[in-house]
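Down below is the structure, laid out as structure tokens.
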Amino acid sequence: MIGRDAEIVLLSGMIAESQAGRGGAVAVFGEAGIGKSALLAEVARGVPDDALVLRATGVEAESELPFAALHLLLRPARHLIAGLPTAQRAALLSAFGEGPTEAHPGERPGARAHGRSEEPVEAPSHAPAEVPPDGPVEARAGAPDRFLVGLAVLTLLADLAEERPLLCLIDDVQWLDRASLDALVFAARRLAAERITMIFAGRDGAEPAVNGLPELRLAALDRPDCERLLAGHAAGLTAEARDRVIEEAEGNPLALLHFSGILTPEQRAGHLAPLPLQPPGPSLTGRLEQSLRAAVRRLPERTRLLLLVAAADGSGSLRLVLKAAQALGAGPEDLEPGEHAALVEVSGDRLRFRHPLVKAAAYQEASLARRTAAHRALAGALGGDDQADRRAWHLSAAALEPDEEISAILAAAGARAAERGSNASAATAYERAAQLTVDRERRARRLAAAAQAALGAGQLPRAAAAAERGRRLTADPLVLARLASVRAAVEAEQGDPAPAAHLLIAAAEGVALIAPAEAASLLATAAGDAWFAGDRVALSRAADLLESLGTAKEPVGTDKKPLATDAGPLATDAESRPPNEESHPTGAGPRVDGVEGRLAGVVAAVRGMERVAAGDPVAGVPLLRAALPAGDVTDRIAGTYAVFGALMTGDDDAACERAEARVDDCRRRGLVGALPHALQLLTQAQILRGRHAEAAESGAEAWRIAHDTGQAGRLRHLHGILARLAAVRGEDEECRRLAAQAEGTAQERNGSGWGGCALTLLDLVRARYEAAAERMARILDGPLGHTVIVTFAIADHVEACARLNRPDRAAEAFARFDAWAGASGQPWAAAVAYRCRALLAARGESEAHYDAALALHARGGRPFEQARTRLLYGEWLRRARRRADAGTQLRAALEGFTALGAAPWAERARTELAAAGVHAAEPKRAAGSAALGTLTPQELQVVRLAAAGATNRQIGAQLFLSPRTVGFHLYKAYPKLGVSSRAELAGIDLGPPA
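The sequence shown: position 725 = 724 (numbering that gives the first Met the number 0), numbered continuously.
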């Protein structure tokens, strides 16, 4: 191959590395005709004999067919599907349309498979067939988590690579169906320990589709390489003709070959006009396309017609193309001129265009009437249930005006795509169905389905646009509610919860009488948005409406579930959107008898939130405690409310327990998209409980999956939470970086509260007391002043103000914390309140408060706060010249900070000990804990599961890794721990800190 030596060396090196168990992926980009496909073919020819090459190529006509490319790529691995973990196997089979499916609401059984002859039966207006009743399309019963399909792909490829090394070539990614591309990119990011190389190739502009993968960009050939290429393929050109071709081709190999190939004998001999060979155009690609269209125009009419059918089909099936072309008057003999012109080639039962640009030229050169005729002929030639989607899209392409019959067929195709977990394809099908729909209300329902599908695919602008179009068409309150839920989710994900809250409240008011459970779900989500917006009016309104639902009666025959489900990346943030749930309050509180008491706990919780936000924790905290659910962790909203209630009442043990249950449920059910949200909750709870090593572990996993699945809002929140850990550890630059990223471009609020409080903690330990006090004052006066982390950080504000000898600046904030601590009933909270009193009190009164604080700390909870109390008390005792007593407290503080990995705080304790003249031996860490500190968070996760007896395959299924990657982490962890086998892990204390 001419001119690509460096690229071949690079890619061949990657393949060699993968054979040694160091897999990787790369994306090759360049303009049309630059040689991407040729490079992939050259690399494939050079692979070792024992390697297996898997190929898939994006086809424009198949870009809306769910998992079309993936199905093709994985054919050689079909025999291994049965051995996948259960959830992964079910997800992959469902994606391929082979798993059990349920009839779409409002359809007769089997209607989806028969296209135009079986139109879906219209459901009543309050339950439209095109709008799944359970909210986002992705979450419908039977639909696989789109990222679980990616994990199944990874496991399947890893299993195949155990037999022989793999090279996966994925070409023309700009036309790959979105579901296949998502799954393949998810797998490509997890190949570090695999014998797999994945090479993607696509045109310039397709880079976002494979975001995060290393890129290799193909440049134009230099002049010597252009001359070499022409010498081998266009011998006989004069120097003048060669120079003109090279000039106009601009180093593009396809252009070099095409422009030289269309020269007349006179031009090849050098008789060239001064004008360019091709008409001027805005770009080389444009000039090349025009030249190819001219080549198509020179063909006989029936050859052009046959090539048009082949281009409209796109699948390359010679049988299908000839069958459809025959209906239009063209036959096999009409292919010959196209073959002679080197525009197409036939091999066996496959018809292939020389280049995608040739296919585009054959299609674009035809008139609109001929294109629609070609699509109708192809639709007529496609038969059988397995061709229903292709037939639907050809009928769509042939439709030039609204057509209810075709729109119903496309809506059915959308339903099939949703059931298979391909939300992007479902959104496209529903949008096109809406375009062809005459009835306004039906069009609105199909746009609602499109909006929900786009939301499930993470396509926020598209979801918002579809929802807005649907809103203008309908007066149906339930459809309006679903549209509002999409618009609100987009607003919240982009960082502005205030408009989201108002959208949801207005929607809930519209459906309260006809669908109380759905209204309650909307209000529960609205309350969370209002909470983080600091909008007390909206929060109060949501609470009032929820309470009013207690008298509502569920309409006969309805079985609505709340809208919020495990919708993947757009599942809302942990604290920010406290959810609705089935609950069984342990104390008094409003009940929603009209919806069978399902949301009684939510009503109490939202009213409790409203009271806390209004500055009345004495009234609010008991309501939050009463609302703590018995716990259906399988529901995202229920599970989130359970953790939120525990956090807001300071019950860290309950928060950890319920967050762990939520994480376990996500792992068990294969909810990859929802897992970062659950892990985020767990990270928060573990940090507050003082389980810092585990929090780092959970947070790192949450960040990795959120990053790989494109959850930008989740990442912002995680950055703020992880900034707290960095502050505790004294990682100044990391803390500042994470806190800045938590803000986001839209000053996103969910993460900035944690980030701002982390910076305050960092300022405090670095003795920047004025900066700490000013920052906390701003946060307390802002929209986040009432939130969980800010409430807990009031103690930091008190300490900063006390060290500035300005206790008056903290008096109001402390009064609020004191009221909350008393209402919470948590010993640790009361202890911190006593510590604050000691800091604010006159010097002679402090000791009693410190003693009271330590007595309460002895009852457990928040070891970091206990160590801080001992540090402050030790400082006070040293200043009182009671060195022995000071040494007792400071040594205990040093031990506590050392155990927690709080390096700068431990250093402060050492400094105080030295100032007191007390010698303190460096605290000894528990056996094995020092070695554990050398493990990465993921290595620690893997080691703990392995020590518990899990196999590599079981660990991989739980952590969304391949078995080989699990083995790689164990291989790296063993020497750090001083062991050589899994059996020896039993002798190491791998548990969380006490």
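No residue lacks a Cβ here, since even glycine has one placed at the ideal position from N, Cα and C. These figures come from a predicted structure and were not determined experimentally.
Does the distance from the C-beta atom of residue i to that of residue j stay below 8 Å?
{"i": "Phe863", "j": "Val764", "result": "no"}
{"i": "Leu717", "j": "Cys734", "result": "no"}
{"i": "Asp850", "j": "Ala832", "result": "no"}
{"i": "Leu217", "j": "Glu6", "result": "yes"}
{"i": "Trp753", "j": "Ile793", "result": "no"}
{"i": "Asp176", "j": "Phe352", "result": "no"}
{"i": "Gln173", "j": "Gly57", "result": "yes"}
{"i": "Gly900", "j": "His691", "result": "yes"}
{"i": "Val1004", "j": "Leu215", "result": "Residue 1004 is absent from the structure shown; the chain starts at 0 and stops at 993."}
{"i": "Ala518", "j": "Leu479", "result": "no"}
{"i": "Ala1004", "j": "Ala426", "result": "No answer is possible for residue 1004: it lies beyond the span of the chain, which begins at 0 and ends at 993."}
{"i": "Ile198", "j": "Leu10", "result": "yes"}
DSSP three-state label for residue i, please.
{"i": "Tyr973", "result": "helix"}
{"i": "Gly201", "result": "strand"}
{"i": "Arg344", "result": "For the record, residue 344 in the displayed sequence is Glu; it is not Arg. Strand, per DSSP."}
{"i": "Leu168", "result": "strand"}
{"i": "Leu321", "result": "helix"}
{"i": "Ala794", "result": "helix"}
{"i": "Ile686", "result": "helix"}
{"i": "Ile195", "result": "strand"}
{"i": "Leu215", "result": "strand"}
{"i": "Ser979", "result": "coil"}
{"i": "Ser282", "result": "coil"}
{"i": "Ser316", "result": "strand"}
{"i": "Asp402", "result": "coil"}
{"i": "Leu984", "result": "helix"}
Can you give me the C-alpha to C-alpha distance between residue i and residue j, rounded to a whole angstrom?
{"i": "Ser290", "j": "Asp171", "result": "22 Å"}
{"i": "Arg145", "j": "Ala532", "result": "31 Å"}
{"i": "Leu502", "j": "Ala891", "result": "52 Å"}
{"i": "Thr292", "j": "Ala361", "result": "It should be pointed out that residue 292 corresponds to Arg in this sequence rather than to Thr. Cα to Cα, Arg292 sits roughly 7 Å from Ala361."}
{"i": "Ala462", "j": "Arg535", "result": "28 Å"}
{"i": "Ala645", "j": "Leu623", "result": "8 Å"}
{"i": "Leu853", "j": "Glu742", "result": "36 Å"}
{"i": "Glu418", "j": "Ala142", "result": "5 Å"}
{"i": "Asp4", "j": "Val152", "result": "32 Å"}
{"i": "Ala340", "j": "Gly149", "result": "42 Å"}
{"i": "Gly330", "j": "Arg301", "result": "8 Å"}
{"i": "Ile504", "j": "Val510", "result": "10 Å"}
{"i": "Leu674", "j": "Arg610", "result": "31 Å"}
{"i": "Gly821", "j": "Pro621", "result": "11 Å"}
{"i": "Val797", "j": "Gly755", "result": "16 Å"}
{"i": "Lys196", "j": "Leu51", "result": "Residue identity differs from the one stated: residue 196 is Thr in this sequence, not Lys. Near 11 Å, if we compare the C-alpha coordinates of Leu51 and Thr196."}
{"i": "Gly34", "j": "Leu287", "result": "15 Å"}
{"i": "Arg296", "j": "Pro264", "result": "20 Å"}
{"i": "Ala841", "j": "His848", "result": "11 Å"}
{"i": "Gly689", "j": "Leu79", "result": "44 Å"}
{"i": "Arg439", "j": "Ala391", "result": "22 Å"}
Looking at the unbroken alpha helix (DSSP H) that takes in residue i, where does it start and where does it end?
{"i": "Phe66", "result": "Where Phe66 is concerned, there is no enclosing alpha helix (DSSP H), given that its DSSP letter is neither H nor E."}
{"i": "Arg624", "result": "Pro616 to Ala625"}
{"i": "Ile778", "result": "Tyr768 to Asp780"}
{"i": "Glu430", "result": "Asn422 to Gln434"}
{"i": "Leu356", "result": "Pro355 to Gln363"}
{"i": "Arg439", "result": "Arg439 to Gly455"}
{"i": "Leu298", "result": "Unbroken run through Leu298: none, as it is neither H nor E."}
In terms of residues, what are the limits of the beta strand (DSSP E) holding residue i?
{"i": "Phe352", "result": "Arg349 to Phe352"}
{"i": "Ala24", "result": "Gly23 to Gly29"}
{"i": "Thr56", "result": "Leu51 to Thr56"}
{"i": "Arg267", "result": "No beta strand (DSSP E) contains Arg267, which is instead part of the alpha helix (DSSP H) from Pro264 to Arg267."}
So does the segment 12 to 29 actually touch the segment 199 to 218, counting three or more Cβ pairs closer than 8 Å?
-> yes
Can you find at least 3 beta carbon pairs, one from the segment 872 to 888 and one from the segment 898 to 905, that sit closer than 8 Å?
-> no
Should the segment 780 to 791 be called in touch with the segment 801 to 810, which here means at least 3 C-beta pairs below 8 Å?
-> no
Is it true that the segment 430 to 444 meets the segment 183 to 194, where meeting means three or more beta-carbon pairs spaced less than 8 Å apart?
-> Result no; under three Cβ-Cβ pairs closer than 8 Å.
Contact between the segment 221 to 233 and the segment 69 to 84 (3+ Cβ pairs under 8 Å) | no
Are the segment 973 to 980 and the segment 159 to 169 touching by the rule of at least three beta carbon pairs closer than 8 Å?
-> no
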